[in-house]
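Numbering (the working numbering), first residue to last: 7 to 521.
Yeah, the Cβ is synthetic: ideal placement off N, Cα and C, and Gly gets one too.
Please read the structure below before turning to the comments.
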């Protein structure tokens, strides 16, 4: 298949899945970013707000596809940039294989190409940075620093404005320059020093916002998010956990790709020890890839690591796998890609049907063979259609109570976006989070403004947890009482319940909660 065919079929596939797939709580939260535009945010830089809000701003439509459209289009660009980089380094055949591999890998499709996450713009500017770096570092003749370093600085800066992983990309490029004798001259050139200045100018939104907010983002990402809750003993580093993270990465990549990708890493490292000056292209890819892969795999030995964190590192390694796969049997490669794609597409269809209909759920009207997952153990129930909330809020007694409500709050930052979009067609009132981990809500609203106001408290916590949570909030209101529950259905069975409480006349300011 031609590169155009790969890109077109991949785009159509992601548009289809992006339309059908229910929004995740992260995506609801990033939609709220676009409703509170700022230089940066507590947990991420600005670009995820722009990619999430782009289509809703233009069309006024808020739907799974409109929120994801920016990411879906950007990923097509990321794949094309990966192709151009591969052509420059290893030839068109290897580049086409790399793009085919990247188009099939499930974690790439979902985290980079469908869901509206910071990883979407990150991988686009990561790819653009790598392409620019290849043009800068590998000219036809002798190497001399040039104006392209300024372009590279802007692109790496934009990667940083997408997600803080961009700083690791910057360090990887710097490491390549430091350990490559023919490129070390950059450090003493005027273009090199100008590039440093341009880089810091590009990421100025991060500096501006953090300067205004006591450097809270850096403190969160470098320290507080890795600290245990009070009274909880932090576990010791475990090699077993490192191995589990390593195996999980292979699973997320899908074993038919995860195993070869890790094999090619070890193979490339071996080649570097033989003659790294001959293998400079592979050396560059390893420098920008391994810090993320190794760093987050080792971090997993101490604490939980999210699936997408190391994946930008594997993105560049697909170029190496494409290079090596060129020398394999053409029939073997064709079968490898074909059957991997069929298996992954089949699993995706099963997942989408389960998400919408609960075909693996027990009980469910649409369960296959009686189902295997109970709602209590099935984390996919977190991705529910907020139209159910909208319909409930239009009914009594919630409709009457909303007329005298000044704001809505929940105890969980990840639930607030779902509540906001569920309420939006009914009434436009502020939705916030009050708790120990308020994330962006701590900066979007001043809790002092709620004093004297009436509120609705909505939570998804189970019956055995609700008593303690309600007791904590009831002290802040003159009157605090339950007014009902909203059942969430899937497969015509209740999988979750929202508890709704009314708080009248807030008595005092709720303390700021940040981890």
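- Taken through DSSP and simplified to helix, strand or coil, residue 265 comes out as helix.
- For residue 160, the enclosing alpha helix (DSSP H) covers residues 154-168.
- Contact check between the stretch 383-397 and the stretch 472-485: fewer than three CB pairs, one atom from each, fall below 8 Å, which does not count as touching.
- Taking residue 94 as the centre and dropping the five residues before and after it, the same chain places the C-beta of 140 closer than 6 Å to its C-beta, in chain order.
- Each of 14, 163, 264 was checked against the Cα of residue 203, and the nearest Cα belongs to 163.
- By a beta-carbon distance limit of 8 Å, residue 57 contacts residue 122. Their separation comes to about 6 Å.
- Shortest Cα-Cα distance from residue 19 to any of 264, 109, 399, 381 involves 109.
- Classified as buried, residue 307 has 16 or more neighbouring CB atoms from the shown chains inside 10 Å of its CB.
- According to the DSSP assignment, residue 504 belongs to the beta strand (DSSP E) that extends over 499-512.
- Of the candidates 448, 14, 91, the residue whose Cα lies closest to the Cα of residue 39 is 448.
- Inter-residue distance for residue 89 and residue 497 is about 42 Å (C-alpha atoms, whole angstroms).
- Apart from the 5 residues on each side of it in sequence, residue 412 sits with its Cβ closer than 6 Å to the Cβ of 459, 460 in its chain, given in chain order.
- Of the residues assessed, residue 444 falls on the buried side of the cut-off, its CB having 16 or more other CB atoms within 10 angstroms.
- By the neighbour-count criterion, in which a residue is buried when 16 or more other Cβ atoms sit within 10 angstroms of its Cβ, residue 33 is buried.
- Within 10 angstroms of the beta-carbon of residue 106 lie 16 or more other beta-carbons, which makes it buried.
- The beta carbon of residue 173 sits closer than 8 Å to the beta carbons of 166 from its chain, once the five residues preceding and following it are set aside; these are given in chain order.
- A direct Cα-to-Cα measurement between residue 359 and residue 264 gives close to 26 Å.
- By alpha-carbon distance to residue 113, the top candidate from 256, 514, 422 is 256.
- Inter-residue distance for residue 346 and residue 191 is about 45 Å (C-alpha atoms, whole angstroms).
- Rounded to the nearest angstrom, the Cβ distance from residue 287 to residue 144 is 7 Å, consistent with a contact under 8 Å.
- Boundaries of the alpha helix (DSSP H) around residue 205: 196-208.
- The beta-bridge partner set that DSSP reports for residue 445 is empty.
- The Cβ atoms of residue 318 and residue 296 do not sit closer than 8 Å to each other.
- Each of 124, 333, 63, 47 was checked against the Cα of residue 212, and the nearest Cα belongs to 47.
- Contact between residue 74 and residue 120 is confirmed by a C-beta separation of about 6 Å, below the 8 Å threshold.
- Residue 124 sits close to residue 50, with the two beta carbons spaced by under 8 Å.
- When C-alpha distances from residue 247 are compared across 310, 225, 221, 198, the shortest belongs to 310.
- Counting along the chain, residue 85 sits inside the alpha helix (DSSP H) bounded by residues 70-96.
- DSSP, read as helix, strand or coil, puts residue 345 in helix.
- If you compare the alpha carbons of 134, 215, 454, 62 with that of residue 440, the shortest gap goes to 454.
- By the Cβ neighbour-count rule, residue 483 is buried, with 16 or more other Cβ atoms within 10 Å of its own.
- Per DSSP, residue 332 lies in no alpha helix (DSSP H) segment and is marked neither H nor E.
- Ranked by how close their Cα comes to the Cα of residue 291, the residues 327, 305, 401, 429 have 327 in first place.
- Excluding residues up to 5 positions away in sequence, 130, 133, 134, 136, 137 lie with their Cβ nearer than 8 Å to the Cβ of residue 87 in the same chain.
- By the neighbour-count criterion, in which 16 or more other beta carbons inside 10 Å mark a residue as buried, residue 512 falls on the buried side.
- Apart from sequence neighbours up to five positions away, the residues of its chain that approach residue 492 with a beta-carbon distance below 6 Å are 398, 504, ordered along the chain.
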